[in-house]
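In my numbering, the protein residues as written are 2 to 167. No residue lacks a Cβ here, since even glycine has one placed at the ideal position from N, Cα and C. Computed from a predicted structure; not experimentally measured. What follows is a single structure, written as structure tokens, with notes after it.
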């Protein structure tokens with residue numbers, strides 16, 4: 002069976018220049034944990050997940066704490082806790098106010114499929130790369146997406162719930 006028979010064809014894509022906070026809300030409202038990211042021409046430039054957003058926030062927090070700990074003489078635990086909370090709030094604001102393109106993992110290998118690829122290949126790539134979803138491309142443009150859940154429904158021989166169908 003080919004990916005074309007299983008993939009979702011009406012794909013939610015996030016513009017690379019979208020603010021992270023808006024992209025996060027788009028994902029939450031669509032009840033998905035990630036989506037392909039496209040440039041102004043509609044070409045795939047990455048895949049954004051809620052985990053990527055969490056990592057970006059925590060990377061900023063770690064950098065701020067490392068800097069504070071290397072320069073601070075503070076010994077008051079309550080002052081240190083207040084400073085940690087402030088660092089976290091600033092990190093959240095900095096990340097959510099930035100553009101999606103700024104937080105996409107720079108070393109991210111974009112794993113994708115064509116609609117003619119087999120379901121076996123999709124399963125192999127998802128397992129090998131530990132991803133939850135794979136964009137399906139025609140040229141550089143997203144024409145579908147296949148998720149772990151899509152494959153499970155197919156293997157189980159059952160149609161996905163109505164809200165999940167294409």
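- Taking C-beta separations shorter than 6 Å and ignoring five residues to either side along the sequence, the partners of residue 19 in its chain run 101, following chain order.
- Sorting 125, 123 and 16 by C-alpha distance to the C-alpha of residue 44 places 16 at the top.
- By the Cβ test, the region 73 to 92 is not in contact with the region 4 to 13, since fewer than three Cβ pairs between them sit closer than 8 Å.
- Residue environment analysis places residue 35 among the buried positions, since at least 16 neighbouring C-beta atoms fall within 10 angstroms of its C-beta.
- CA-CA distance, residue 33 to residue 77, rounds to 42 Å.
- When only Cα atoms are considered, residue 98 and residue 22 end up about 6 Å apart.
- For residue 122 and residue 57, the gap between their C-alpha atoms comes out near 30 Å.
- When 144, 26, 135 and 139 are compared, the shortest CA-CA separation from residue 152 is found for 135.
- A distance below 8 Å separates the beta carbons of residue 117 and residue 5.
- Proximity to residue 147 across 115, 141, 162 and 158 peaks at 115, based on C-alpha coordinates.
- Residue 37 counts as buried, since at least 16 other C-beta atoms from the protein chains shown sit within 10 angstroms of its C-beta.
- Judged by beta-carbon spacing, residue 112 lies within the 8 Å limit of residue 130, meaning their Cβ atoms are closer than that value.
- Annotation: residue 33 is outside any beta strand (DSSP E) and is labelled neither H nor E by DSSP.
- Between residue 104 and residue 53, the CB-CB gap stays under 8 Å.
- Inclusion of residue 24 and residue 13 in the CB contact set at 8 Å is not warranted, their separation being larger than that value.
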